[in-house]
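K.L.:
Here it is, the structure, as structure tokens.
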Amino acid sequence: MEKEKTKKPVPAVNKKPKVSMREYFKGIRTETKKVVWPTRKELVSYTGVVLLTCFVLGLGIWVVDSAFLAALKYALNISF
């Protein structure tokens, strides 16, 4: 029988040092300042697209669900 080679644990590489809460939030503030925020016009436009998409998808799901229910009622000869 061949000897089984045991793997040695690999030490962690590039382990970041712990930072204080103050430094953490300071970093968040710095990164937030780098963000390019949308204008009010863009925001309203994007919101409209999201709402319209949700409405269309909801309507599509309702249509498919209603058709499936009607098909089941017909197949099982059920009436309410």
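For what it's worth, numbering that gives the first Met the number 0 labels the leading residue of the sequence shown as 0, then goes sequentially. Each residue gets a CB set at the ideal place from its N, CA and C atoms; glycine is no exception. Bear in mind the structure is a predicted one, so any value in this text is a computation, not a measurement.
1. Considering only C-alpha positions, which residue in the set SER65, TYR23 and GLY47 is nearest to ARG87?
2. Is DSSP giving SER65 helix, strand or coil here?
3. Between the alpha carbons of ARG28 and VAL18, how many angstroms are there, rounded?
4. Using the Cα positions of VAL43 and LEU50, report the straight-line distance between them to the nearest angstrom.
5. Give me the Cα-Cα distance between ALA70 and GLY57, rounded to the nearest whole angstrom.
P.N.:
Short version:
1. No information on residue 87 is available, as it lies outside the stretch 0 to 79 that the chain covers here.
2. Three-state result, SER65: helix.
3. 15 Å
4. Between the alpha carbons of VAL43 and LEU50 lies a gap of roughly 11 Å.
5. 20 Å
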